[in-house]
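In UniProt numbering, the protein residues as written are 1 to 215.
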């Protein structure tokens, strides 16, 4: 189902009261955006834990078409990234895909995405997940002051990063899996093993399609 638009102890998050928590209850939907180049277990753990700890009604992984912060030359075609995401979550009915940034193409600015989603789905309150390492960069985000009035940010709490912010953020503790997409691409290019870094179905797809061999 698509919306219109096409190891540390767990600690329950302290929820800040924001406009999304007031008035008539809306459907709560989590969004984890990214290049997913490729998707890995770190992404899936974050999605699962945030959804569970915040008791969200739905959770979507949202691949970008072209992130403003990533070198486009290093990102494989969207069709491959979406196919790998499909494989990664097909056995988990609580996780779904939101493809509006892929459909829109161009640079995937979060402001444009949230504006589009909230206009097309006014019955939904969105929770946008970011890593603790991204919090310091929020002041540089495109139209951030408008964005924070449209969506609730959720920060993934990781050791070593500042959890203070001038913006309203819900903090959630998630086990740290020190895995990155760039690490996976590098290991593949060097003929290293990525077993247990990503779901087996994704690994099989990467090998079958010969992805990242010349990354």
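Think of the CB as a built atom: it goes at the ideal place given N, C-alpha and C, for glycine as much as any other residue. From a predicted model like this one, the values you see are computed outputs, not experimental measurements.
Residue i by DSSP, collapsed to three states: which one?
i           : result
residue 193 : coil
residue 205 : helix
residue 152 : strand
residue 46  : helix
residue 144 : helix
residue 102 : helix
residue 89  : helix
residue 164 : coil
residue 180 : coil
residue 75  : coil
residue 212 : coil
residue 68  : coil
residue 109 : coil
residue 54  : coil
residue 39  : coil
Quick check: residue i and residue j, are their CB atoms within less than 8 angstroms of each other?
i           : j           : result
residue 87  : residue 170 : no
residue 63  : residue 45  : no
residue 57  : residue 29  : yes
residue 131 : residue 172 : no
residue 31  : residue 43  : no
residue 209 : residue 80  : yes
residue 119 : residue 27  : no
residue 267 : residue 33  : Residue 267 is absent from the structure shown; the chain starts at 1 and stops at 215.
Could you name the residues that DSSP lists as bridge partners for residue i?
i           : result
residue 200 : None, per the DSSP bridge assignment.
residue 157 : 173
residue 124 : 27
residue 63  : 34
residue 96  : 60
residue 129 : 154
How many Å lie between residue i and residue j at the Cα?
i           : j           : result
residue 65  : residue 25  : 32 angstroms
residue 147 : residue 85  : 26 angstroms
residue 212 : residue 188 : 6 angstroms
residue 36  : residue 181 : 7 angstroms
residue 102 : residue 117 : 14 angstroms
residue 135 : residue 154 : 10 angstroms
residue 142 : residue 149 : 13 angstroms
residue 186 : residue 179 : 12 angstroms
residue 177 : residue 196 : 11 angstroms
residue 92  : residue 200 : 14 angstroms
residue 77  : residue 207 : 16 angstroms
residue 214 : residue 174 : 33 angstroms
Using a Cβ-Cβ cutoff of less than 7 angstroms, which residues in the same chain neighbour residue i once the five nearest sequence positions on both sides are dropped?
i           : result
residue 144 : 138
residue 94  : 51 and 59
residue 202 : 38, 39, 84, 87 and 88
residue 198 : 38, 39, 40, 41 and 184
residue 205 : 83, 84 and 87
residue 105 : 65
residue 167 : 138, 148 and 153
Apart from the five residues on each side of it in sequence, which residues of its chain come closer than 6 angstroms, Cβ to Cβ, to residue i?
i           : result
residue 151 : 114, 126 and 128
residue 67  : 35 and 108
residue 75  : 35 and 37
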